[in-house]
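> Quick one: the structure is below, questions incoming.
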Amino acid sequence: MPPENHDRRIPVTLLTGFLGAGKTTMLNHLLNQPEMARSAVLINEFGSVAIDHHLVTKIDDDLVLLDSGCICCTVRSDLTRSLGELFMRSLRRELPPIARVIIETTGLADPAPVIFTLMEDFFIAERFRTDGVVTVVDATHIHSQLALHPEPVKQIAMADRLLLSKCDLASPSELSAVSATLCRINPSAPQIYVRRGELAAASISHCGLYDPDGKSADVAGWLAEEKVREQRRLAHGHHHHHDVDRHDANVFSFALTFAEPLHWSFFADAISSLLETAGDRILRIKGLLNVIGDHKPRVVQCVQRVLYPYARLDDWPQQAPYNDRCSRLVFIVRDLPQAVVEEAFAMFCGVRENARP
Ligand SMILES: Nc1nc2c(ncn2[C@@H]2O[C@H](COP(=O)(O)OP(=O)(O)OP(=O)(O)O)[C@@H](O)[C@H]2O)c(=O)[nH]1
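Residue 259 in the UniProt record's numbering sits at position 259 of the sequence shown; the count goes up by one each step and never skips.
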């Protein structure tokens, strides 16, 4: 392959990290910088009710929502197709020239199939080059996430750069403990401390082509496994069915929809009670709310037991399903029945969930 300076292929940044780590927050800061002005963004979300693309402050039509679902087949072929389409649209000048592609994965994603696709798919590898697997690590939650879930280890081990988010919320001793943990899993990746998503574009560019050497031996092994999987898929086809709302036997997603505008204080009581009683089984909540007395949609975000200060969007999205201005909350949980969550809202807000998408 040509050295980076003479390489005319479009650089691709893979932005990964566990649920709620702060990927979208950093992405918004990056996209506001002139160096990232001509970036196309591909977003892959878990669950059937997507919301992330409304939280990215990018209005161009080079923001692509990848199919939700299993990264091993649906998303891989969707990724290949989306990158191919972006390239062709840019070639036909339907889009301005693309200087970089940023792929934001779901927090539950395994980065190996994505890296493998970028490196090995013939059409893609001719036109795009990996320039950085960048993993966002939530400095306030990573130890419990590593204890309970297999995904963050792989996301950290495969990284070229590690971005420690929420450093404004962690004490110096917590930060040094997190830093030592990351060093054990991936000693070669530089660690960058980030507060409120404020990250210079230079921190994630010029990573160079992806190279498993210098990373833990597992990384080469994971990529080799992808090759075997690919060969099997080509030989036998790949027909297993995926439920887009289920990650594994325990982790799954559901969305609640409320047709009537909500009282903020009752809603806050319902969420607080839920986080207190079932926070250990809640991985992520995010949603857009129609709140009585507020014309703008409120963005609500929780990670495990933490409810973050709400934000507002300038306006309600024009696209379905959010254009009906109903409140929607998307939950990603571990072994928490939907009925328990519905009951909390019925009790505190006096509202029942409506059977809408
Ligand atoms: N105080 C503080 N809050 C942060 C920081 N980074 C992210 N947050 C908050 O954490 C919550 C989750 O951040 P997101 O950027 O949506 O996380 P994400 O990784 O994109 O989430 P998923 O796509 O669901 O995996 C939001 O409420 C953010 O405002 C930070 O550095 N400091």
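All C-beta atoms, glycine included, are put in the ideal place defined by N, C-alpha and C.
Starting from L289 and walking both ways along the alpha helix (DSSP H), at which residues does that stretch end?
Counting along the chain, L289 falls outside any alpha helix (DSSP H), though it belongs to the beta strand (DSSP E) covering I282 to L289.
> Going by other Cβ atoms of all chains shown within 10 Å of its Cβ, with 16 needed for buried, is A311 buried or exposed?
exposed
> Mapping the DSSP letters down to three states, classify P261 as helix, strand or coil.
coil
> Helix or strand or just coil, what does DSSP make of T140?
coil
> DSSP beta-bridge partners for T80?
Answer is none; T80 lacks a bridge partner.
> Are there any heavy atoms of ligand 1 lying less than 8 angstroms away from the beta-carbon of L55, as far as the coordinates show?
yes
> Quick one: using the 10 Å Cβ neighbour count with 16 as the cut-off for buried, is V136 buried or exposed?
buried
> If distances are taken between C-alpha atoms only, which option among A189, H141 and L42 comes closest to L162?
It is A189.
> Tell me which residues share the same chain as S39 and place their Cβ nearer than 6 angstroms to its Cβ, disregarding the 5 neighbours each side in the sequence.
Here the set comprises R100 and I102.
> One question on the structure: do residue 379 and F254 come within less than 9 angstroms of each other, judged by their Cβ atoms?
There is no way to answer for residue 379, as the model of the chain reaches only from 1 to 357.
> Say whether the stretch 297-306 touches the stretch 277-286, bearing in mind that this needs 3 or more beta-carbon pairs closer than 8 angstroms, one atom from each stretch.
yes
> Bridge partners for Q301 per DSSP, in chain order?
K286
> Where T106 and A112 are concerned, what is the direct C-alpha to C-alpha distance, given to the nearest angstrom?
13 angstroms
> If we call anything under 9 angstroms between Cβ atoms a contact, is L164 one with S179?
yes
> Does the distance from the CB of A344 to the CB of L274 come in under 9 angstroms?
yes
> Got a sec? Which residues, its chain only, sit under 7 angstroms from P96 by beta carbon, not counting five neighbours each side?
Counting only residues of its own chain and dropping the five nearest sequence neighbours on each side, P96 has a CB closer than 7 angstroms to the CB of R38.
> Quick one, are the C-beta atoms of P212 and A220 less than 9 angstroms apart?
yes
> Would you report the Cα separation of L83 and R334, rounded to the nearest angstrom?
33 angstroms
> Can you check which of these residues, K227, F348 and V133, is closest to N186 by C-alpha distance?
V133
> Indicate whether V41 and T130 have their beta-carbon atoms separated by less than 9 angstroms.
no
> Please find out if some non-hydrogen atom of ligand 1 comes closer than 8 angstroms to the beta-carbon of V303.
yes
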